[in-house]
Amino acid sequence: MQVNKYLLPGIVVLGGFLYLFAQAAPNSQPANGFNLQGFGQLPVVDRGRIKPIDTFARVSLMVMNDGFQSFKDENGVRQPAVRWLLDVMTSRFSDKGTAEKLKVIRIENDQLLGVLSLQPRPGLRYSINEFSKQLPALEERAKAAEQKEPAKRNTLDRSVLQLAHHLQSYIEIASLQTPLIIPADKELEWKPFMQAAIEAKNANRDDPATKAFGNMILAYERNEPSNFNKSLDEYRSIIDKSLPAEASISKFEVFFNHFSPFYHCIVLYIFVFLIAAMAWAFRPESINRSAFWLCTLTLIVHTWALLARMYIQGRPPVTNLYSSAVFIGWGCVLGCVILEAIYKNGVGNIVGSVTGALTLLIAQHLGGEGDTLEMMQAVLDTNFWLATHVTCITLGYTTSFVAGFLGIFYVLRGVFTPTLSAESDKSLTQMTYGIICFAMLFSFIGTVLGGIWADQSWGRFWGWDPKENGALLIVIWNAVILHARWGGMVKNRGIALLSIIGNMVTGWSWFGTNQLGVGLHAYGFNDQLARGLTMFWISQIVVLAIGLFPKEKWWSVKARKQPVAGIASGLKTKHQPA
Amino acid sequence: MSDQSISSHKPTGFLKLLLTLASLRLTVILFLISLFLVFAGTLAQVDNPTWTAVTDYFRSFFVFVPSQVFVRFFQAFRWVPPTTQWGGGFYFPGGWTVGFLLLINLLAAHAVRFKFNWKRSGILMIHSGLIVLMIGELVTGLFAVEGNMTMEQGGATNYLELRETSGFLGKINGPELAFSDLSNPKSEKVVVIPNHMIRNKGKLSDPALPFDIEVLEYMNNSSISENTSQGNLATKGDGMSVVAISKPEVSGTSSDQKIDLPSAYIRLIDKKSGQENGVYLASVWLSLSSTKPTQEVTTSEGQKLQMALRMKRSYKPFQMELIEFKHERYLGTNTPKNFSSKVKLVDPVRNDSFETLISMNNPLRYEGETFYQSGFLPGDKGTILQVVRNPGWLLPYLSCALVSIGMLIHFGMHLNQFITKRANNHAS
Chain F
1147 MQVNKYLLPG IVVLGGFLYL FAQAAPNSQP ANGFNLQGFG QLPVVDRGRI KPIDTFARVS
1207 LMVMNDGFQS FKDENGVRQP AVRWLLDVMT SRFSDKGTAE KLKVIRIEND QLLGVLSLQP
1267 RPGLRYSINE FSKQLPALEE RAKAAEQKEP AKRNTLDRSV LQLAHHLQSY IEIASLQTPL
1327 IIPADKELEW KPFMQAAIEA KNANRDDPAT KAFGNMILAY ERNEPSNFNK SLDEYRSIID
1387 KSLPAEASIS KFEVFFNHFS PFYHCIVLYI FVFLIAAMAW AFRPESINRS AFWLCTLTLI
1447 VHTWALLARM YIQGRPPVTN LYSSAVFIGW GCVLGCVILE AIYKNGVGNI VGSVTGALTL
1507 LIAQHLGGEG DTLEMMQAVL DTNFWLATHV TCITLGYTTS FVAGFLGIFY VLRGVFTPTL
1567 SAESDKSLTQ MTYGIICFAM LFSFIGTVLG GIWADQSWGR FWGWDPKENG ALLIVIWNAV
1627 ILHARWGGMV KNRGIALLSI IGNMVTGWSW FGTNQLGVGL HAYGFNDQLA RGLTMFWISQ
1687 IVVLAIGLFP KEKWWSVKAR KQPVAGIASG LKTKHQPA
Chain G
79 MSDQSISSHK PTGFLKLLLT LASLRLTVIL FLISLFLVFA GTLAQVDNPT WTAVTDYFRS
139 FFVFVPSQVF VRFFQAFRWV PPTTQWGGGF YFPGGWTVGF LLLINLLAAH AVRFKFNWKR
199 SGILMIHSGL IVLMIGELVT GLFAVEGNMT MEQGGATNYL ELRETSGFLG KINGPELAFS
259 DLSNPKSEKV VVIPNHMIRN KGKLSDPALP FDIEVLEYMN NSSISENTSQ GNLATKGDGM
319 SVVAISKPEV SGTSSDQKID LPSAYIRLID KKSGQENGVY LASVWLSLSS TKPTQEVTTS
379 EGQKLQMALR MKRSYKPFQM ELIEFKHERY LGTNTPKNFS SKVKLVDPVR NDSFETLISM
439 NNPLRYEGET FYQSGFLPGD KGTILQVVRN PGWLLPYLSC ALVSIGMLIH FGMHLNQFIT
499 KRANNHAS
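So the sequence lines, in the order shown, correspond to chains F and G.
Counting in this note's numbering, the first sequence runs from 1147 upward without gaps.
Counting in this note's numbering, the second sequence runs from 79 upward without gaps.
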């Protein structure tokens, strides 16, 4: 009996472990004899942050090809981003022309494709060679677009500027102007390799670090792996001596990049959802336990990844939109795992896995624009307020979303399945109510802490800024739900429906207020976000409309009147006597 | 939260009114109204300066909500084209009204329903915290004053320039037209014409001035252009080489400019001769220039006066000196990492003198005023401090503490109850 009870969950968790282990294991290397991994671990400076070359290469490549942190070489083999970076870095003095032949630049706009005499092809990724003849025409258009006011640029102008920007970064890398490396001079001042090399030459000085880095690049171009590895070791020993802390964080970040834990969390959350859904259809208890265990395992990885980012950046968890999505997902899953531990009825597994996967997918999308560990604006440069206000506000969003998804779950389960018994109806409402209390607490404290921060930094407790107002709307909405319940104006279904509207309010506060382009918290307009949020609101309205069906039409309510043993009982909501 | 404590027999008259005022239904309705008000007040910031929107929507008894604000919402999500215009609108209760009604509702509810016992202590704390918060916002709305203090590297100042804000009585603290007589180096004689007098076009006269003034044009916000080919009202002074162009007032949307910079064209007429002296451009733009903040006006008798349109000043009994301004950037970029100003404050009245460092998120509080690092002069030549006097600044802190503790107590008791109940169920 005991064995049976834990056998399946054990197997599922073991499977999850093996999957993660396989992903975290280092690549069988070195590639063609080059120690690319060691090269990737070297710390450099780009956009104000010390980061490994690996991150710099991945982000630069991802921005150019719109989404991928690796590329296919001429033979169609997937290669790591550092390889592309080395190809670009050596392109100026190489006659092989490898970098120019790589199809890594994504051009979506069909007018722009026309301007560059390119044919649309699957993936829309092109090499520089394919449009090098049209570069003068492109430059002219870019200049014209630049002259226009940002609001007056059309889609073609924006695409032209984007491509010009990509080429600009390409040229900066090719001419070794970016990123900054550390030459071994006394001040340890970060410089582009080119500048360091010229300065060393002019001063007739032998700079071992610059020399080693230069030899490394030369050896790569000449296809001499052993020389490359030798120079790399020389350079690394200098770095390890002068910047030991940075070097070790860099190594860790490369592992983090390679593991890409958030991606695997999405995969696992989807599995959790599938297993939890099966638990509803077949043998509930052990399958449900499997889902719970796997969800907990995924949450542990999610937590580790969150802590790893904090360690790399040296900051509290939420610093930008990307990290807010990661953190909200984490909070949702944590809340749902706690709910599942208390109620053991499968609700936490379903809602947790759905919110976890959705928020991480959103994060994946938001992370496509560059380095997600970017530097902060001066006024935001305070760990204390980031840790208190931002974390609290984000927990407020989190709990409001959990309540909203419990509401959705209530409606869908009640209308489309016979499993929402009177008892699970009550317990689901209890859960939602409890979560809303937390949402109220977090969003209120978070909002007021934001006010206090504002008072500390520019003397205004409350500025009625759109983002602040958005947070206030969540507070008011949660207060509406709680007071409506206390006044007996809404019952179980009402709370579920109101918390679904809470989803819409929270969506507005999280993303929508940015669209207005107003105020201190504005990050700028984004077409994709606008579309995403519109779809989200429509979906919520659809669920609301379903929830408004007369209750006697709900399958579960009908089923309550004529209970059929075995089918309608659903999951056990009562505990076995101890 | 049940309403059991309401008396069971039918209430009449005053009690009935009190019960209506105390009802949770009213609370919910008022919450919904405030929800809508906050939403509309947010959207209004797309077209209006943030502070106009705040005055219109939140610091008012009634507000006219134009339908166009909702078009702005639809446009933000590309549901309607950017050119869409809707006319009309409707009246809606403003922030003062909603806040006042919520306060009545809350007090009535406590009068009717709430008894003091331990179970209610959390709720009582939350609600008294909210009252403190509302009072804080009221005090801020009525009494807070904001200004700027600008100092060049090594320079000192003893006044702040008050920011133009909107209060109950309309615009206050707008720029004033100042004439100073520097002929006696020991004591500067200044004649100041307040903002509300120059805001309305027309003729002005002051016995202390050797000429009459006629305001030809006053611009609430302006920009300065060096292209004078389109015609120029000015016939003398600094206005000969530049021309002021009227601009819409700063809206919450613009990120590059935070405050309005007014300009005016004024004609000066010699009192004695009755002859026109000339048409001058007086502009805050000109007086912001650190090298030549005033322009010289000479009367027909050769008397020289310095003229400037400058922000209203508030002189302080102490002096602030900028010792060093620092502007740190992130490695290899132009992104600012931190701004800080090392200043020395000398107060002869209180016999006080000290040096301190003001930086982002680290203001100086002195004698009821708070000095924040706000900006810097071009080329890091000096610092701009934002100065705020808000007698209610402590209230939000108090409120936050009250509400947070209240919620923890209240929800904590709920949670405790829930866990005990479950444990009992489990055991049975």
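Here a beta-carbon is modelled for each residue, glycine too, at the ideal position from N, C-alpha and C.
Could you compute how far the alpha carbon of W1701 of chain F sits from the alpha carbon of S1567 of chain F? 10 angstroms
Exposed or buried, which one is G91 of chain G when buried takes at least 16 other CB atoms within 10 Å? The residue is exposed, with fewer than 16 neighbouring Cβ atoms inside 10 Å.
Look at the Cβ atom of I436 of chain G, then the Cβ atom of S419 of chain G, and state whether they are nearer than 7 angstroms. yes
Could you tell me which chain G residues have their CB closer than 9 angstroms to the CB of C1482 of chain F, listed as they occur along the chain? Per Cβ cutoff of 9 angstroms: no residues; C1482 of chain F is ~17 angstroms from chain G at best.
Under 7 angstroms, do F449 of chain G and V465 of chain G count as touching if we go by C-beta distance? yes
Any idea if P1226 of chain F is buried or exposed, counting beta-carbon neighbours within 10 angstroms, 16 or more meaning buried? buried
Endpoints, alpha helix (DSSP H) assigned at V1557 of chain F: In the DSSP assignment, V1557 of chain F falls within the alpha helix (DSSP H) that extends over T1537 to F1562.
Does DSSP put V1464 of chain F in a helix, a strand or coil? coil
Leaving out five residues before and five after A1471 of chain F in sequence, what residues of the same chain have Cβ atoms less than 8 angstroms from its Cβ? T1505, L1506, I1508, A1509 and L1512
CB contact check: P1390 of chain F to chain G, cutoff 7 angstroms: no
Verify the CB distance criterion: does T1680 of chain F have a CB-CB separation below 7 angstroms to chain G? yes
Does the count of Cβ pairs from the region 225-234 of chain G and the region 461-480 of chain G closer than 8 angstroms reach three? Result yes; three or more Cβ-Cβ pairs closer than 8 angstroms.
L400 of chain G versus L387 of chain G - alpha carbon distance: The alpha-carbon atoms of L400 of chain G and L387 of chain G are separated by roughly 25 angstroms.
Starting from K1386 of chain F, trace the alpha helix (DSSP H) both ways and give me its first and last residue. Per the sequence presented here, residue 1386 of chain F reads as Asp, with Lys not at that position. P1371 to S1388 is the span of the alpha helix (DSSP H), which, as asked, contains D1386 of chain F.
For a contact defined as C-beta to C-beta under 7 angstroms, what are the partners of T411 of chain G on chain F? R1193 and G1194
What does R277 of chain G reach in chain B if we use C-beta pairs closer than 7 angstroms? Absent from the structure: chain B. Protein chains present are F and G.
Which same chain residues, not among the five before or five after F432 of chain G, have their C-beta less than 7 angstroms away from its C-beta? Taken in chain order, the residues that qualify are L423.
Give me the subset of the region 1587-1598 of chain F whose CB atoms are less than 9 angstroms from a CB atom of chain G, sorted by chain position. L1587, F1590, I1591, V1594, L1595, G1597 and I1598
Exposed unless 16 or more other CB atoms sit within 10 angstroms - verdict on Q1809 of chain F: For chain F, the structure presents residues 1147 to 1724; residue 1809 of chain F sits outside this window and is missing.
Thinking C-beta only, is A1422 of chain F closer than 7 angstroms to A1437 of chain F? The Cβ atoms of A1437 of chain F and A1422 of chain F sit closer than 7 angstroms to each other.
Please classify W164 of chain G: is it buried, with 16 or more other beta-carbons within 10 angstroms of its beta-carbon, or exposed? exposed
Across the region 101-120 of chain G and the region 1605-1620 of chain F, are there enough close Cβ pairs to call them in contact, namely three or more that are closer than 8 angstroms? yes
Using a Cβ cut-off of 7 angstroms, which residues of the region 1615-1627 of chain F contact any Cβ in chain G, in chain order? Result list: N1615, L1618, L1619, I1622, W1623, A1625 and V1626.
Hey, would you say V1306 of chain F sits closer than 7 angstroms to A1283 of chain F, going by beta carbons? no
Cβ-Cβ separation, F1555 of chain F to T1652 of chain F (assumed contact under 8 angstroms), whole Å: Incorrect: roughly 16 angstroms between the Cβ atoms, too far for contact.
Would you mind working out which of F:N1375, F:F1202 and F:I1622 sits nearest Y1316 of chain F, comparing C-alpha positions? F:F1202
For N502 of chain G, the first and last residue of its enclosing alpha helix (DSSP H): L473 to A505
Whole angstroms are fine: how far does the CA of G1648 of chain F sit from the CA of R500 of chain G? In this model, R500 of chain G and G1648 of chain F are separated by some 28 angstroms (Cα to Cα).
Selected residue, minimal CA-CA separation from K1249 of chain F, among F:N1211, F:K1637 and F:M1235: F:N1211
Along the chain, which unbroken stretches of the alpha helix (DSSP H) at least 4 residues long are found entirely within the region 211-290 of chain G? 273-277
R1238 of chain F, buried or exposed, once every other Cβ within 10 Å from all chains shown has been counted against 16: exposed
Members of the region 122-143 of chain G that neighbour chain F once the beta carbon cut-off is set at 9 angstroms: Q123, V124, T128, W129, A131, V132, Y135 and F136
Alpha helix (DSSP H) containing E1345 of chain F: first to last residue? F1339 to N1348
Enumerate in chain order the residues of its own chain whose CB-to-CB distance from W1599 of chain F is below 6 angstroms, with the five nearest sequence positions on each side excluded. W1531 and H1535
To which residues does DSSP link P171 of chain G through a beta bridge? G:F140
Rounded to the nearest angstrom, what separates E304 of chain G and M318 of chain G at their Cα positions? 10 angstroms
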